[in-house]
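Peer 1: Numbering-wise (the working numbering), the sequence shown opens with residue 628 and increments by one.
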Amino acid sequence: MESIIDKLTSLSKRRGFIFQNSEIYGGLASTWDYGPIGAELKKNIKDYWWNHYVHMRDDIVALDSSILSLNKVWETSGHVQNFSDPLIECKDCNARFRSDALEISKGVCPTLKCSNTSFDDPREFNMMFKTNIGPVVSDSSEIYLRPETAQGIFVNFENIINTSRKKIPFGVAQIGKVFRNEITTGNFIFRTREFEMMEIEYFVKPQDSEKYYKEWINNSMEFILSLNIDKSNLRLREHEQEDLSHYSKGTTDIEYKFPWSWAELQGIANRGSFDLDSHSKSASKNFSIFEEPTKTRYTPYVIEPSIGVDRLLLITLLDAYNEEKVESNNETRTVLKLSPKISPVKVAILPLSKDQKLSELSKKIQRDLLSKGDLGKIEYDETQSIGRRYRRQDEIGTPLCITIDFDSLEDNKVTIRNRDTMLQERVNLDSLHSTLIKEIKDY
Ligand code: GAP
């Protein structure tokens, strides 16, 4: 039977969510491009996150730092030394994989058709990508692509404090591309070598760090639930002491029940003052804060909620994917019950036929709605039968479709169809915009 990941991969290609990168040349493994519909979904997810954390609060400011930095940044942050995974090589087929793959395959080489059970000793493999800066390719021109956005925030700490006038507690948010030379990739966009991250570094007094750590775990969970994700598919998992990253005093993952197993969706870490201390020592800077009432200095601790855009997008697709029996025609429809907050297309305008008068009225309705600028993407489609067009909109998760028929030419009314209930209501054109806004809000 086709797995849900296979179904989503094929729906993504068919409807323009996600394409295999370099497909026309055979495809670059585990590398994906977002198509016209997927790019809208991804942007909506980032905008929703940004609005929620940066625009709707007064204690979080923005940053957009570079992918490239001096190597000193990664030496000081500990990534050169510690950002590695244990790599194992099969003595028979020479395949290389992460050592945890062996636990899952119960000690047998996980490569298809290889049944070998002896391997070289694990060795640490650093996952940072390297490139060369400038026209000369040499050891001294080697530079890393960032594996997280967080360091851009730490090395700009002084600049941000001086320009934003924020007082502790406050946070810095950043969305951006990161690169990791993962040993094992796969499961569609779950683990890739190039992906986007949404991170906040929230600076607090050391004695308040436990309180804020718990607060960020809770509000991160609430944020994910606000995208209509099924609560029973989410759980918290606190890392054991010995599994913590080199910078962490405590980490909790929000895990999602993926089709293959529970796995990390988001990490919330208490990084203590590790990063600010390391950079202040290495750059001979003083990042401590003077507290007037107690006349004392302290280096802030930082709480870090960090989530991959692509992984969040994957769970919105997995959670929204439904195949339903339609009683009226005994067919099965595939429908993505995405939250309208992030739906790639909010409204589709579908004239019943290609009749010129219907087209003219429908295009005018689209122009009027587009000119309001507050509904997001509004599609116009007059090709194929109305049933097929509804099916396409269901598959890309469009919450509302507007049908314009011959009666519309007489009575100035159109039909709004709800994606989830498939109920239809007739609405006067004068109140169409306000009705759509209300229906999307109440969805
Ligand atoms: N600055 C903290 C940090 O980098 P992380 O747990 O390594 O933490 C944060 O990564 C998030 O990025 C993860 O929770 C996950 O959502 C996403 N992520 C990590 N590795 C990924 C990969 N190879 N492909 C896609 N997303 C990934």
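Glycine included, C-beta positions come from ideal geometry on N, C-alpha and C. The structure displayed is predicted, hence computed values, not measured ones.
Within the chosen definition, does the region 1012-1025 reach the region 960-978 through at least 3 CB pairs nearer than 8 Å?
Peer 2: Touching, per the Cβ criterion.
Peer 1: I need the boundaries of the alpha helix (DSSP H) containing residue 631, first residue and last residue.
Peer 2: As a position in the sequence shown, residue 631 is number 4, starting the count at 1. It spans 631-642 - the alpha helix (DSSP H) in which residue 631 sits, taken as one unbroken run.
Peer 1: Given that a residue counts as buried once 16 or more other Cβ atoms are within 10 Å of its Cβ, and exposed if not, what is residue 873?
Peer 2: Against the sequence shown, residue 873 aligns to sequence position 246. With fewer than 16 other Cβ atoms within 10 Å, it is exposed.
Peer 1: Contact defined as beta carbons within less than 8 Å: I believe residue 630 pairs with residue 665. What is the distance between those atoms, to the nearest angstrom?
Peer 2: Numbered from its first residue, the sequence shown carries residue 630 at position 3. Numbered from its first residue, the sequence shown carries residue 665 at position 38. Actually they do not touch by this definition, with Cβ atoms about 20 Å apart.
Peer 1: Using the Cβ count rule (16 or more neighbours within 10 Å means buried), how would you classify residue 708?
Peer 2: Residue mapping note: residue 708 aligns to position 81 of the sequence shown, counting from 1. So residue 708 ends up on the exposed side.
Peer 1: Just to confirm, is the Cβ distance from residue 878 to residue 871 under 8 Å?
Peer 2: Position 251 of the sequence shown, counted from the start, is the residue given in the question as residue 878. Position 244 of the sequence shown, counted from the start, is the residue given in the question as residue 871. Cβ distance < 8 Å, so residue 878 and residue 871 count as in contact.
Peer 1: Just the C-alpha distance for residue 743 and residue 734, rounded to the nearest angstrom, thanks.
Peer 2: Your numbering for residue 743 matches position 116 in the sequence shown. Your numbering for residue 734 matches position 107 in the sequence shown. Rounded to the nearest angstrom, the two C-alpha atoms are 9 Å apart.
Peer 1: Within the present structure, is the beta-carbon of residue 864 separated from the nearest heavy atom of ligand 1 by less than 7 Å?
Peer 2: Counted from its first residue, the sequence shown places residue 864 at position 237. Residue 864 Cβ: outside cutoff for every heavy atom of ligand 1.
Peer 1: Does the beta-carbon of residue 933, which I'm using as the reference point, lie nearer than 7 Å to any heavy atom of ligand 1?
Peer 2: For the purposes of this step, residue 933 is taken as the residue at position 306 of the sequence shown. Answer for residue 933: yes, Cβ within range of ligand 1.
Peer 1: For residue 804, count neighbouring Cβ atoms within 10 angstroms of its own Cβ and tell me buried if that reaches 16, exposed if not.
Peer 2: The residue labelled residue 804 in the question sits at position 177 within the sequence shown. It counts as exposed.
Peer 1: Taking 7 Å as the line, does the beta carbon of residue 813 fall inside it for any heavy atom of ligand 1?
Peer 2: In the sequence shown, residue 813 corresponds to position 186, counting from 1. Outside the cutoff, so no.
Peer 1: What do you get for residue 897, buried or exposed, if any count of 16 or more other CB atoms within 10 angstroms of its CB means buried?
Peer 2: Working through the sequence shown from its first residue, we reach residue 897 at position 270. Buried: at least 16 other Cβ atoms inside 10 Å.
Peer 1: By a C-beta neighbour count over all protein chains shown, 10 Å radius and 16 as the cutoff for buried, is residue 1138 buried or exposed?
Peer 2: Since the first and last residues shown for the chain are 628 and 1070, residue 1138 lies out of range.
Peer 1: Anyone know if the C-beta pair for residue 971 and residue 632 falls short of 8 Å?
Peer 2: On the sequence shown, position 344 is the one that residue 971 refers to. On the sequence shown, position 5 is the one that residue 632 refers to. No, these two residues do not count as a Cβ contact at 8 Å.
Peer 1: What residue ranges within the region 976-1032 form continuous beta strand (DSSP E) runs of no fewer than 3 residues, ordered along the chain?
Peer 2: 1005-1007 and 1027-1031, all fully within the region 976-1032.
Peer 1: Under three-state DSSP, which class holds residue 968?
Peer 2: In the sequence shown, the residue the question calls residue 968 occupies position 341. Coil.
Peer 1: Just to check, is the beta-carbon of residue 822 closer than 7 Å to a non-hydrogen atom of ligand 1?
Peer 2: Locating residue 822 in the sequence shown gives position 195, counting from the first residue. Correct: residue 822 has its Cβ closer than 7 Å to ligand 1.
Peer 1: Is residue 887 helix, strand or coil by DSSP?
Peer 2: Residue numbering aside, residue 887 sits at position 260 when the sequence shown is read from its first letter. Residue 887 falls in the coil class under three-state DSSP.
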